[in-house]
Amino acid sequence: MAPGEKIKAKIKKNLPVTGPQAPTIKELMRWYCLNTNTHGCRRIVVSRGRLRRLLWVLFTLTAVALIFWQCALLISSFYTVSVSIKVHFQKLDFPAVTICNINPYKYSAVRDLLADLEQETRMALKNLYGFPENKSRKRREAESWTSAWEGTRPKFLKLVPLLAFSQDETNKARDFLTGRKRKVSGSIIHKASDVMHVHESKEMVGFRLCSNDTSKCAVYTFSSGVNAIQEWYKLHYMNIMAQVPLEKKINMSYSAEELLVTCFFDGVSCDARNFTLFHHPMYGNCYTFNNRENETILSTSMGGSEYGLQVILYINEEEYNPFLVSSTGAKVIVHRQDEYPFIEDVGTEIETAMATSIGMHLTESFKLSEPYSQCTEDGSDVPISNIYNAAYSLQICLHSCFQTKMVEKCGCAQYNQPRPPAANYCNYQQHPNWMYCYYQLHQAFVREELGCQSVCREACSFKEWTLTTSLAQWPSAVSEKWLLPILTWDQGQQIKKKLNKTDLAKLLIFYKDLNQRSIMESPANSIEMLLSNFGGQLGLWMSCSVVCVIEIIEVFFIDSFSIIARHQWQKAKEWWARRHAPPDPQGQDNPGLDINDDLPTFTLALRLPPAPGTEVPGTPPPRYNTLRLERAFSNQLTDTQMPAES
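Note that the numbering used here has the sequence shown beginning at -12, numbered continuously upward.
Here is the structure:
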């Protein structure tokens, strides 16, 4: 082999002119398309004709876009849940049952405290509607009963009178107590229903609430005088009762022996000792059966009304406050042992002279927490302090948030809910503007401006009892003749009167069956399923695997970056060499003598200039002058020459 050929072969053998170390990105892409297992990329290079190559480019880019789209859908749907419902038969724990009389306090015990309020209410009714005074109630008030009140007696302050507003004169109102017109200022808020159509009236009833400095006022009007009087009475009632100590309020309400006439559970007799006192600000003394304070939680062995809770309640309608409550009966709520009974929100009302049967179905739900949902396990990650001595729930969070905002803005707590620690219930003596502040906060809470709805979250696990209520007349006309006298005799120590059926209500709470339904959430996807779905998409659209993906990352990122970096480094070296090269005054630099540290490629090696003083072998050009005869045969032999003519 000639020396030149040996040099070329050595250069070709030692220099990697293809593959990941290609000198340009174009050659690198060409090498990748010829060697990869993805068929579309190879067809871009080997196809003949520009149209075919363009079509294969479009097909390949479309397949890549579909892969990214499908993978993005898989990632976005990764945190989804699958719901499974299981129904199993077992012995069920009986829930806690809280029972309250709709009337919170016996009227005979609180009538002295509410005497001024009731007098002004009756005056307003007389001036507005011409109502006469209640003679029977007046005679009962004139009895010899007097309440021994120790300490400072709560007072009724006539700071928020009832007003009658006319549509013709929006800036004037008539005071019910004096009958005179007075100027009113402030925004008018009409508390009418947004769903039901309310007929227009020429005169509306309401009241005005103002802040401490009376610079900000709001006028609240109602479409019905009944709603206005009840709301106005309730505000003053809460103001008075907030000043009464808890011990006295418990004594003024109904005892367990008075409320519970008879009791049966699971075929066994029970009494007031099986109930725990729970005092509610707006419902007085309530009593909870099967509470968490008991040593053991009771359970039921069978379904049906005979194996549930059966109680007869003494309602005592004669002791009802006529302006505070307008219905007769009791309220009952079914809840967990560690749950606070929101009797005013989700309680079921029980009618008098009726037997109310409540059948239950237990449903237990388990939800996944973050990142699958926004639920909380125990409320520890919710920035709202739980002011209730109970387990976390969404209702507890909302009520706690409102009470906390009430204490922050108004300086006191709302009376109809438990109060935060070191906070007092609102009353006029200590907080003159609490009514105005309360209504403003309530409006903001309804409009979701306090931020409570966005902060509070649902609990991840909870129990729910689905209730089915049915009613029947009780006692019947034929049974009340013997039933009522016996009940009167049984309650002779507590109730010193003859009972009638309108004083009693019967309640039955039971499991309809012992089938417990469990709703459980589980992750719909896993890492293994996600990877297998990725592999399916890659194989479907590009016919490649995970190794191909690694190869793409290596070629398109690592090798391409190294080529770009190598070119930039070469340019930087050339720039540095030109900057520090000594000037040559005698001549110009010869580009062929530039020193390159990197080994040349095979193509550049073939283009190297020949060494000086060497001849390049080749075929010499022809000499056309040899075709001339006079020169071609000028030197002939002597024996062939012609003699000269003489």
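The beta carbon of each residue, even a glycine, is placed where N, CA and C say it ideally should be.
Beta-bridge pairing of residue i - partner residues as DSSP gives them
i	result
Tyr412	Ala400
Lys499	The partner list for Lys499 (beta bridge, DSSP) is empty, contrary to what the question assumes.
Asp477	According to DSSP, Asp477 bridges with nothing at all.
Phe76	Asn502
Ser457	Ser344
Tyr301	Leu491
Tyr327	Answer is none; Tyr327 lacks a bridge partner.
Glu336	Lys318
Reduced DSSP category for residue i - H, G, I as helix; E, B as strand; rest coil
i	result
Phe449	strand
Val68	strand
Cys362	coil
Arg109	helix
Leu285	coil
Tyr207	strand
Ser387	helix
Arg406	coil
Thr49	helix
Gly36	coil
Leu60	helix
Ala431	helix
Ser292	helix
Cys443	coil
Val394	helix
Ala464	coil
Phe543	helix
Gly438	coil
Cys257	coil
Arg29	helix
Leu486	coil
Leu196	strand
Asn376	coil
Enclosing beta strand (DSSP E) for residue i [first to last residue]
i	result
Arg504	502 to 510
Leu349	341 to 353
Phe652	It is not possible to answer for residue 652, since the shown part of the chain is limited to -12 through 633.
Leu264	262 to 267
Ala317	317 to 322
Cys250	247 to 252
Cys273	271 to 276
Endpoints, the alpha helix (DSSP H) within which residue i is located
i	result
Asn88	Asn88 -> not in any alpha helix (DSSP H); beta strand (DSSP E) instead, spanning 83 to 88.
Glu305	Looking at the DSSP string, Glu305 is not in any alpha helix (DSSP H), and its letter there is neither H nor E.
His418	From DSSP, His418 is part of no alpha helix (DSSP H); its letter is neither H nor E.
Val533	533 to 540
Tyr646	Limits of the chain in this structure are -12 at one end and 633 at the other, which puts residue 646 out of reach.
Ile216	212 to 228
Lys560	547 to 567
Gln234	Reading off the sequence, residue 234 comes out as Glu, not Gln. Segment 233 to 239, the alpha helix (DSSP H) holding Glu234.
Asn22	12 to 22
Contact check, residue i vs residue j, beta carbons under 9 Å
i	j	result
Ala446	Leu381	yes
Gln404	Pro309	no
Pro407	Ser387	yes
Thr249	Ile302	no
Ala83	Thr208	no
Ser69	Ser519	no
Leu495	Pro462	no
Gln503	His75	yes
Ser360	Ser448	no
Leu115	Gly212	yes
Tyr423	Leu196	yes
Asn665	Phe252	In the structure displayed, the chain extends from -12 to 633; residue 665 sits before or after that span and is not available.
Tyr375	Asp365	no
Gly522	Val533	yes
Ala342	Gln460	yes
Gly334	Asn90	no
Tyr241	Asn88	yes
Ile227	Pro141	yes
Ile545	Thr11	no
Lys392	Leu437	yes
Is it a yes or a no for the stretch 334 to 354 touching the stretch 496 to 507, going by three-plus beta-carbon pairs under 8 Å?
They touch, by the three-pair rule.
Cβ contact (3+ pairs, closer than 8 Å) linking the stretch 412 to 423 and the stretch 234 to 242:
Result no; under three Cβ-Cβ pairs closer than 8 Å.
Within the chosen definition, does the stretch 283 to 298 reach the stretch 44 to 57 through at least 3 CB pairs nearer than 8 Å?
No, because fewer than three Cβ pairs between the stretch 283 to 298 and the stretch 44 to 57 fall closer than 8 Å, the two stretches do not touch.
For the pair the stretch 364 to 376 and the stretch 387 to 396, tell me if three or more CB-CB distances fall below 8 Å.
In this structure the stretch 364 to 376 lies against the stretch 387 to 396, because at least three pairs of beta carbons, one per stretch, are closer than 8 Å.
With contact counted as at least three CB pairs below 8 Å, one residue from each stretch, are the stretch 420 to 436 and the stretch 390 to 400 in contact?
Yes: at least three Cβ pairs fall under 8 Å.
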